[in-house]
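One structure below.
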Amino acid sequence: MKHVIALDVGGTGMKAALVGPEGRLLHQARRATGRHRGPEAVVDEILRFASDLHAEGRTRLGEGASALGITVPGIVDAERGVAVYAANLGWRDVPLRALIGERLHGIPVAVGHDVRSGGLAEGRAGAGRGAARFLFVALGTGIAGAIGIAGRVEEGAHGNAGEIGHVVVRPGGTPCPCGQRGCLERYASASAVSEAWARACGDPDADAADCAAAVARGDGRARKVWQEAVDALADGLVTGLTLLDPQRLIVGGGLAEAGETLFAPLRAAVEARITFQRLPEIVPAALGDAAGCLGAGLLAWDLLDAGASPAAGPSPDAPTLEVPAP
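Residue 221 in the UniProt record's numbering is what sits at position 221 of the sequence shown, and the numbering runs on without skipping anything.
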């Protein structure tokens, strides 16, 4: 059966699937990145995983994969198939397309950014379905976004489109590893909320989920920490919607798991800040941690539908993907 390999690489783990026609999930697997052994070990583990998945397809389905899609964090040059920079993996200029293509005997390989690819999946199979323009924002260790337009996700001229986490919302504020001060992700990411709540409650092991639980219990200290994060997030999102005018604003990542503890004050804060702008729908992401892997599968199928040209856009008939049960 014709199928593709979808591979989503995170900081510590990888999720993968064999994806058939019509987006059928034929096989799923997970594996550690081996990051503790260094950057080269992560590349070796990816190549080994890709080979094993290719062999799995031959055994299960009678043939190897027709293409592979891989998503990675950091800065990605999708056109060249290069992972330009990934701080949490220790990578600089890793030629993933060439390395995987060589290991798998020349099959087409699409390389994408994890959050942009997750946004692609949300747009076609998740919370963005039916919206011609959407902004997807993932609130995790950092904050990144994806700009969805007419079934595609914008890469930008240099592969940096959607980096809303580095919009400055507090000028002169907390230093950010990117070199700026006052970036959105230093105030509204899950890691930023975790740090602020740990300081406020005096428990160094407390995290953002603990803060959300304390907010739900009515803890005044937690409410202050949470509201400061929500206000910063609203400031960043209003900048995004002013520039992009999306129909739908989709919020995912670990912090979004707080549900209405996040979304109720966030909707109110965004509405309070807009003047001439049109208020978009503000909704939670639908695909959870499966979004990156689903997006990788879509990248691979798009590559085949476009005649295996990495720079081409998706076919109008590109499949949506089956969403795995939570």
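Note that CB positions come from ideal geometry on N, CA and C, so glycine has one too. Everything numeric in this text was worked out from a predicted model, so none of it was measured.
If we ignore side chains and look at the alpha-carbon of each, how far apart do G252 and L139 end up?
Taking the straight line from one Cα to the other gives about 6 Å.
Just how far apart, CA to CA, sit V19 and G288?
Approximately 18 Å, taken between the alpha carbons.
Just to confirm before moving on: does the CB-CB distance between V43 and G81 stay below 8 Å?
No, the pair does not count as a contact, with Cβ atoms beyond the cut-off.
Rounded to whole angstroms, what is the Cα-Cα separation between R37 and G10?
Between R37 and G10, the C-alpha separation is close to 15 Å.
Would you give the residue range spanned by the alpha helix (DSSP H) that V167 belongs to?
No alpha helix (DSSP H) contains V167, which DSSP labels as neither H nor E.
What residue does the alpha helix (DSSP H) around F49 start on, and which one ends it?
It spans P39 to L61 - the alpha helix (DSSP H) in which F49 sits, taken as one unbroken run.
When the Cα of H3 is compared with those of E22, G13 and M14, which residue comes out closest?
Residue E22 is the option with its Cα nearest to H3.
Using the rule of at least 16 other Cβ atoms within 10 Å of the residue's Cβ for burial, across every protein chain shown, is E102 buried or exposed?
Its Cβ having fewer than 16 others within 10 Å, E102 is exposed.
In the DSSP output, which residue or residues are listed as bridge partners for P284?
DSSP output for P284 lists V251 as bridge partner(s).
When the Cα of V270 is compared with those of A296, E260, T239 and P284, which residue comes out closest?
Among A296, E260, T239 and P284, the Cα nearest to that of V270 belongs to T239.
Can you list, in chain order, the residues of its chain with a C-beta nearer than 7 Å to that of H54? Leave out the 5 residues immediately preceding and following it.
Around H54: I5, G64, A65 and L104.
In the stretch 111–155, which residue ranges form an unbroken beta strand (DSSP E) of at least 3 residues, counting only runs that do not cross its ends?
Qualifying beta strand (DSSP E) stretches, in chain order: 133–139 and 143–149.
So, helix, strand or coil for D89, using DSSP?
According to the sequence displayed, residue 89 carries Leu and not Asp. Looking at L89 - three-state DSSP - the assignment turns out to be coil, as it is neither helix nor strand.
Classify C178 as helix, strand or coil using the three-state DSSP reduction.
Coil at C178, not helix or strand.
Tell me the rounded alpha-carbon separation between M1 and E163.
Computed Cα separation, rounded: 38 Å.
On the three-state DSSP scale, how would you describe T12?
Coil.
Beta carbon of G126, beta carbon of A146: below 8 Å?
It is not a contact, given that the beta carbons lie outside the stated cut-off.
Quick one: Cα of L299 to Cα of G69, how far?
When rounded, the distance between both Cα atoms is 6 Å.
Rounded to whole angstroms, what is the Cα-Cα separation between D317 and E154?
Since pLDDT at D317 reaches only 41, below the 50 mark, its modelled position is unreliable, and the value read off the structure follows with that caveat. Using only the alpha carbons, I get a separation of about 19 Å.
Considering only residues of the same chain and omitting the five flanking positions on each side of A222, which have a CB-CB separation below 6 Å?
So the list reads C211, A214 and V215, once near-sequence residues are dropped.
If we ignore side chains and look at the alpha-carbon of each, how far apart do L7 and D52 end up?
Approximately 12 Å between the Cα atoms of the pair.
Using the beta-carbon count (16 or more within 10 Å), is H113 buried or exposed?
Burial call: buried.
With 16 other CB atoms within 10 Å as the buried threshold, where does P319 fall?
Reliability of the predicted coordinates at P319 is poor, the pLDDT of 44 falling under 50, and no value is obtained from them.
Quick one, which of I250, G13, C201 and Q28 has its alpha-carbon nearest K224's?
Selected option, being the one with the closest Cα: C201.
Quick one: is Q77 buried, meaning 16 or more other Cβ sit within 10 Å of its Cβ, or exposed?
Per the sequence presented here, residue 77 reads as Asp, with Gln not at that position. Classification for D77: buried.
Could you say which of L241, P284, W301 and C293 lies nearest to F276 if we only look at CA atoms?
Closest by alpha carbon: L241.
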